[in-house]
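Visitor: Numbering (the working numbering), first residue to last: 3 to 70.
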Ligand SMILES: [Zn+2]
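1. Distance, Cα to Cα, residue 32 vs residue 56?
2. Which same chain residues end up closer than 6 angstroms to residue 8 when comparing Cβ atoms and leaving out the 5 residues on each side of it in sequence?
3. Mind checking residue 52: buried by the 16 CB within 10 Å criterion, or exposed?
4. Between which two residues does the alpha helix (DSSP H) holding residue 49 run?
5. Any heavy atom of ligand 1 closer than 6 angstroms to the Cβ of residue 50?
6. In terms of residues, what are the limits of the alpha helix (DSSP H) holding residue 61?
7. Just to confirm the assignment, what range does the beta strand (DSSP E) spanning residue 37 have?
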């Protein structure tokens with residue numbers, strides 16, 4: 003079993019690794035600052051937070067009880 007440890011589960015994966023800190027022309031992914039609606043911690047989400055919709059930080063999101 004030679005599973006790549008760096009391949010942490012979390013969807014996506016396969017980002018450009020291997021040195022050369024060059025940013026892509028369009029950026030790998032967006033980062034929007036938001037405040038977690040659960041713990042109130044400031045976090046960044048890969049999507050634009052919508053007003054009225056709760057935003058959770060990674061921590062809360064992963065430990066959130068899946069509502070079906
Ligand atoms: Zn949180």
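The beta carbon of each residue, even a glycine, is placed where N, CA and C say it ideally should be.
Guide: Taking the structure as given:
1. The residue given as residue 32 occupies position 30 in the chain shown. The residue given as residue 56 occupies position 54 in the chain shown. C-alpha separation (whole angstroms): 18 angstroms.
2. Taking the first residue of the chain shown as 1, we reach residue 8 at position 6. Around residue 8: no qualifying Cβ.
3. What you label residue 52 is simply residue 50 of the chain shown in a count that begins at 1. It is exposed - the Cβ of residue 52 has fewer than 16 other Cβ atoms within 10 Å.
4. Indexing the chain shown from 1 puts residue 49 at position 47. It is not in any alpha helix (DSSP H) - residue 49 carries neither H nor E in the DSSP assignment.
5. Start at 1 with the first residue of the chain shown, and residue 50 comes out as number 48. No, Cβ of residue 50 sits at least 6 angstroms from all heavy atoms of ligand 1.
6. Taking the first residue of the chain shown as 1, we reach residue 61 at position 59. Segment 60-64, the alpha helix (DSSP H) holding residue 61.
7. As a working note, residue 37 is residue 35 in the chain shown. For residue 37, the uninterrupted beta strand (DSSP E) segment begins and ends at 34-37.
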